[in-house]
Amino acid sequence: MPKFKRTLIPISGVVYGDVIYWATIVASVMVVVGTVETFLTDYHVIQPGYLLQAVLEGNSISEIWEGSALKEIPRGHWYLDILPSGEGVTTAGLALGVFGVIPAIFISAFFLWRSHNVFFAFLAVVAGIITITSMLGIIPLPVG
Amino acid sequence: MVQLFRKVPELTFLICITVIAYAVIEIAAKSGTEPVLGSFSSIDLIIISFVFSTAIAIVAVIAGVGGGVIFTPIMLAFTSIDTLIIRSTGLVVAMFSGLVATGPFMRKGLADIKLVFFGAVPIIVGGLAGAFAAIFLATHLGETGDAWVRLTLGITLVLIALLFIFGGSNTEYPRPRKVDPLGQRLRLRNTYWEESLQERIRYRAINVAFGGFLFFFVGFTGGFFGLGGGWAVVPVLNLVMAIPLKVSAASSGVLLAMGNAAAIWPYLTVGALIGIVAAPWMLGQVIGGIIGAHILATIKAAFVRNLLIALLILTSLKLIARGLERLLKIEIPIL
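Chains as they are written, first to last, in my numbering: chain A, 22 to 165; chain B, 8 to 342.
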């Protein structure tokens, strides 16, 4: 048996991880609820059968959305406008999971700054600002 | 595995509600029951996607690469789905296992938050620069230039894989002989508990400035070619900065998830991320990501190394094949 197994784990890392972890769990529940709603109710912006068929046939984004009740490609945070529908709840769940990174970065930056890691707190704030600008659509970020 | 379900009740909860939800949909669906691909209905495809995604997530988290490295080439090769939809869903696959694994990795001290932020900013900025450079150079370099760079990258990956092969166990727990002044000034050092050895492992980063430059380069090539950075972050952390392999893999997953979280918003805001298509992939990544994170903590570092070597070689084969195809105007029947 080891004498001790404790190592110094920085709080900035733990809060970053926990905020993202729980945001992702909540987001997953929303995605499950949205999926069930999509298939079990009649309230659709876009029929799931048509949608998957169109995707598999290689239709473009514009062709797919033109066949929906919206009749055109949605822009911005469109899923919030159709939130009661299954598609709205599912996409909002995905967005929530991604959004969790933003508060996590800033909370982590605060704890990094408190632990005198000013350089890394600065890097965290820069990463956070870039992510927010991407979310607001100010600059496109085709990274990944 | 039973122990894991007891230790992580939220994992059990997620698996239960997902399985129940899919069972209910399969039995009582009002739409999506008609065949859309062979004899498979929309619902069947969603369930198959979920199972496939869970398996990808477990492998991706253990190796520290984004699941997109596996997902995107397969979808591009075998389906006629619009590339924009594949790329956006690929980002979901690349990101959510890393996002959910962030929690266990940070709590266990396997991922290093300082390394994550140190790598994230150059990768994001490099990705942006690469994307703009791609638009500018596409007209000048054309297909031949693209082929040469793919070929060079493929050969580079083979060389990195060889470094892991011949570096042996030195790559699992590197012991740097020199002291890096910048690393010391930034206090880029830490300790983690190695479950498989039952001992604490100390590490400190070296070649910090060069590592930062390489992160920028990784981001640049990712943005330029849409490759993603999963193939290179672990080698930079482990081989260049002397970070233990498990910490490199865990930090790489966290770092890539952060970068991809910035990259996915433009897809989301132009309707290119279709919820019902991405949903099963996301759920599979979350469930597989939690399982993978707990497996990584307990397995031997040698297993991580072997898995990484296999993935590097597979990715390099794909790159070399695509490069040769474009240069020689031939078709190579490879993924």
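Quick reminder that beta carbons are idealized off the backbone N, C-alpha and C, glycines included.
- Alpha carbon to alpha carbon, how far is Gly34(A) from Arg114(B)? 8 Å
- Message: I'd like to confirm the pairing. Which residues does DSSP put opposite Ser106(A) in its beta bridges?
- Response: Its beta-bridge partners do not exist; DSSP assigns none.
- Query: With 16 other CB atoms within 10 Å as the buried threshold, where does Arg13(B) fall?
  - Reply: exposed
- With DSSP as the reference, label Leu180(B) as helix, strand or coil. Strictly speaking, residue 180(B) in this sequence is Tyr, with Leu absent from that position. Correct three-state label for Tyr180(B): coil.
- Task: With 8 Å as the threshold, decide whether the Cβ of Pro251(B) is near any Cβ in chain A.
- Result: no
- Message: For Phe124(B), would you say it is in contact with chain A, using Cβ-to-Cβ distances shorter than 8 Å as the test?
- Response: yes
- Item | For Arg182(B), the nearest candidate out of Trp155(B), Ala212(B), Ile167(B), Cys23(B) (CA to CA) | Ala212(B)
- Just curious, the beta strand (DSSP E) that Trp200(B) is in, first and last residue? 196-201
- Query: Given that a residue counts as buried once 16 or more other Cβ atoms are within 10 Å of its Cβ, and exposed if not, what is Val31(B)?
  - Reply: exposed
- Item | Cβ separation of Gly105(B) and Leu263(B), assumed to be a contact under 8 Å, to the nearest whole Å | Right, the Cβ-Cβ distance comes to about 5 Å (below 8 Å), so this counts as a contact.
- Partners in chain A for Ser6(B), counting only beta-carbon separations shorter than 9 Å: Here chain B covers residues 8 to 342 and nothing more, so residue 6(B) does not appear.
- Query: From Val76(A) to Leu91(A), what distance separates their C-alpha atoms?
  - Reply: 17 Å
- Flag this pair as touching only if the stretch 94-102 of chain B and the stretch 67-82 of chain B have three or more C-beta atom pairs under 8 Å; answer yes or no. yes
- Message: Going by DSSP in three states, Ile208(B) sits in which element: helix, strand or coil?
- Response: strand
- Item | Pairwise C-alpha distance: Glu78(A) and Ile67(A) | 16 Å
- Message: With the cut-off set at 8 Å, would you say Asn245(B) and Thr178(B) are in Cβ contact?
- Response: Yes, the Cβ-Cβ distance between Asn245(B) and Thr178(B) is below 8 Å.
- Item | Exposure label - Ile34(B); buried when at least 16 CB within 10 Å | exposed
- Message: For chain B, check one thing: does any of its Cβ atoms lie closer than 8 Å to the Cβ of Leu117(A)?
- Response: no
- Query: At a Cβ threshold of 8 Å, is Val47(A) touching chain B?
  - Reply: no
- If you pair each beta-carbon of the stretch 318-325 of chain B with each one of the stretch 120-127 of chain B, do three or more pairs fall below 8 Å? At 8 Å Cβ cutoff, the stretches do not touch.
- Message: For the stretch 155-179 of chain B, list every residue whose C-beta sits within 9 Å of some C-beta in chain A, in sequence order.
- Response: Against chain A - using a Cβ distance shorter than 9 Å - the stretch 155-179 of chain B contributes no residues.
- Message: So, at 7 Å on beta carbons, what are the nonlocal neighbours of Lys24(A) in its own chain, with the 5 sequence-adjacent residues on each side left out?
- Response: Caution applies to Lys24(A), whose pLDDT of 47 falls short of 50 and renders its modelled position unreliable; the model cannot decide the point.
- Task: Could you say if the stretch 107-117 of chain A and the stretch 250-265 of chain B meet the contact criterion of at least three C-beta pairs nearer than 8 Å?
- Result: no
- Message: Output needed for Tyr37(A): all residues of its chain with C-beta closer than 8 Å, excluding positions within five of it in sequence on either side, in chain order.
- Response: Ala125, Ile126, Ile128, Ser129
- Using the beta-carbon of each residue, which ones in chain A are nearer than 7 Å to Ser49(B)? Pro69, Gly70, Leu73
- Message: Using the Cβ count rule (16 or more neighbours within 10 Å means buried), how would you classify Lys253(B)?
- Response: buried
- Task: Using the Cα positions of Pro287(B) and Ile53(B), report the straight-line distance between them to the nearest angstrom.
- Result: For the pair Pro287(B) and Ile53(B), the Cα-to-Cα distance works out to about 6 Å.
- Query: Who are the near neighbours of Gly97(A) in its chain, counting only those whose CB is closer than 8 Å to its CB and skipping five residues on each side?
  - Reply: Gly158
- Item | Near-chain B residues of the stretch 133-153 of chain A (beta-carbon distance less than 8 Å), N- to C-terminal order | Leu133, Asn138, Phe140, Phe141, Leu144, Ala145, Val147, Ala148, Ile151, Thr152
- Checking contacts by CB at 8 Å: is Asp63(A) closer than that to chain B? Closer than 8 Å to some Cβ of chain B, the Cβ of Asp63(A) qualifies, so yes.
- Check the Cβ-Cβ distances between Pro31(A) and every residue of chain B, and say whether any is below 8 Å. yes
- Assigned exposure category for Ser89(A) - 16 Cβ within 10 Å defines buried: Counting the other CB atoms within 10 Å of its CB gives Ser89(A) a total of 16 or more, which places it among the buried residues.
- With a cut-off of 8 Å, does the C-beta of Gly116(B) fall near any C-beta of chain A? yes
- Message: What does the Cβ neighbour count give for Ser7(B), buried or exposed, with the cut at 16 atoms within 10 Å?
- Response: The requested residue 7(B) is not part of the displayed model; chain B covers only 8 to 342.
- Quick one: give me the first and last residue of the alpha helix (DSSP H) that Leu52(B) is part of. Per DSSP, Leu52(B) belongs to the alpha helix (DSSP H) from 49-70.
- Item | Interface positions of the stretch 93-104 of chain A facing chain B (Cβ-Cβ less than 8 Å), listed along the chain | Of all residues in the stretch 93-104 of chain A, the ones placed with a Cβ closer than 8 Å to any Cβ belonging to chain B are Ile94, Pro95, Arg96, Gly97, His98, Trp99, Tyr100, in chain order.
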